[in-house]
Structures are given as structure tokens and as C-alpha cells.
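Before any comments, here is the structure.
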Amino acid sequence: MSHRILVGWRWRILVSYFGFVSKHRREADFVCRACLCLWTSRNQARVGGDRKLALQIFQWPQTYPKEFQIANFLPPQSRSSIEHCWIPPKPPWRKVNVDGAVFSNLKAVGLGIVVQDHRGNVAAAMSKFDGAPLGPLETEAKAMAEAVQFARDTSFPAVLFESDSQMIIQSLNGLIVPPTSISNIISDSLQHL
């Protein structure tokens with residue numbers, strides 16, 4: 001008898017929950033996103049990341065759907081025929097050029113870093129194969145994080161970073177808030193600059 005009451009009680013909660021969701025879809029979506037943001041923020045703080053302010057946590061669910069769409073539904077971009085040429089840094093600066101490549105069939109990425117002086121001479125270079133199934137944006141962010149660490153390890157006194165990802169550069173310069181998918185990587189890179 002008590003088992004039937006327990007099942008009936010659970011069933012009523014489940015039915016009332018789905019009734020609420022069907023009537024208040026937007027509010028339910030927001031509550032789920034807010035819980036995800038709270039959980040993510042808690043985990044970041046738990047592993048030594050930056051703690052977010054309450055205002056940041058509750059603004060995040062409002063921007064999260066847009067970030068998700070940007071990260072997952074980007075239209076294919078056509079290659080422009082604009083010719084790009086390398087602009088050397090002024091001495092004593094070194095330019096650290098960063099790039100990433102996604103190997104979808106291998107579910108892996110490749111990272112490449114080249115450090116050049118004002119004459120274009122290669123001062124240092126590094127490539128790395130990573131068995132992480134990342135997307136293009138996350139790969140570029142990971143490549144930048146590796147480049148920052150590589151520049152520190154090689155002890156060049158003054159470096160400039162160059163990437164073909166405008167979003168990564170703008171995020172590092174504080175011009176935009178990085179998408180959620182790369183915010184931890186950007187934070188780590190900024191801590192090491």
C-alpha cells in the first residue's frame with residue numbers, strides 16, 4: 001500500500017513539473033540555464049578558478065543561448081581572396097604567431113606556434129597534437145594558451161601575439177566577454193600574461 005502511495009506521489013510531482021514546463025517554457029528554460037551557470041561557477045571556483053559575482057552568474061543565463069548558437073550554428077564562412085602579409089615587429093619585440101587545426105575524422109586538434117624576430121627569422125617554434133575533440137574556436141583558444149606558456153618558457157623579453165581568430169584576440173584584450181566554451185581557457189591565458 002505504501003509503495004503505491006509513493007509512486008502516486010512521484011507521478012503527481014512529475015505531471016505537475018511537466019505541466020509547469022509546458023505552460024511556462026521560457027521561465028523553465030531560464031531556471032535550467034541558471035542552475036547550469038551556478039554549477040559551472042561553483043566548479044570553476046572549486047578547482048581554483050576565478051569566483052564570479054552574483055550579478056555575473058545571473059546575467060550569464062541570458063547570454064548563454066546566444067553563445068550556444070554562435071558556437072554551434074555558425075554558417076560556413078567563405079574564404080576571401082584578400083592577400084595577407086606578415087608585418088614584422090619593431091626590435092626588440094618578437095611576434096608569436098598562433099594557429100590551430102581541427103582534425104574531425106581523428107577527433108583531435110593540432111596546435112602550431114612560431115616566434116619570429118623583426119627580420120622574420122624564426123626564433124622558436126612548436127607544434128603539438130592533442131587528442132581532444134575540440135571545435136575551431138576552442139582549438140584557437142587552446143593554441144593561444146599554449147603560445148602564452150611557450151613564450152614564458154622561452155623567456156623572450158617582449159612578445160606580441162598574433163592569431164587569425166578575432167574573437168580570441170578581442171577576448172584577451174577585454175573588448176568582449178568570451179563565450180562560455182572558452183572562458184576558462186581565456187582566463188588561464190590572462191593569468192599567465
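For the sequence shown, full-length UniProt numbering assigns the number 1 to the initial residue and increments by one for each residue that follows.
Every residue, glycine too, gets a C-beta built ideally from N, C-alpha and C.
Predicted, not measured: the structure shown is a model, and the values here were computed from it.
Asked	Found
I need the boundaries of the alpha helix (DSSP H) containing Lys-142, first residue and last residue.	136-154
Count the other C-beta atoms from every protein chain shown that fall within 10 angstroms of the C-beta of Gln-116, then say buried if there are 16 or more, exposed otherwise.	buried
Put Thr-180 into one of helix, strand or coil per three-state DSSP.	helix
Pull up the distance between the alpha-carbon of Lys-52 and that of Gln-191, whole angstroms please.	16 angstroms
How should Gly-131 be labelled, buried or exposed, when 16 other C-beta atoms within 10 angstroms of its C-beta is the threshold for buried?	exposed
Just confirm the distance between the C-beta atoms of Ile-113 and Glu-140, as a whole number of angstroms; I'd bet it's less than 8 angstroms.	Contact doesn't hold; Cβ gap of about 12 angstroms is too wide.
Helix or strand or just coil, what does DSSP make of Ile-168?	helix
How many Å lie between Arg-94 and Arg-152 at the Cα?	12 angstroms
For Trp-60, count neighbouring Cβ atoms within 10 angstroms of its own Cβ and tell me buried if that reaches 16, exposed if not.	buried
Can Met-126 and Phe-103 be called in contact, C-beta distance under 8 angstroms?	no
Please report the straight-line C-alpha distance between Ala-108 and Lys-142, rounded to a whole angstrom.	12 angstroms
Going by C-alpha distance, which of Ile-186, Ala-34 and Met-144 is nearest Asn-97?	Met-144
Roughly how many whole angstroms lie between the Cα atoms of Leu-36 and Ile-186?	20 angstroms
Excluding five sequence neighbours on each side, which residues of the same chain lie with their C-beta closer than 7 angstroms to the C-beta of Ala-45?	Arg-51
Report, in whole angstroms, the separation of the C-beta atoms of Pro-89 and Leu-160, which I expect to be a contact under 8 angstroms.	5 angstroms
Once you ignore the five residues that flank Trp-110 on each side, which residues in its own chain have a CB closer than 6 angstroms to its CB?	Sequence check: residue 110 is Gly here, not Trp. The residues are Ala-101 and Phe-129.
8 angstroms is my cut-off, CB to CB: does Leu-172 come that close to chain C?	No chain C is present in this structure, which holds just one protein chain.
Identify the residues that DSSP records as bridge partners of Gln-163: which are they?	The sequence given here has Ser at residue 163, not Gln. BP columns for Ser-163 point to Val-98.
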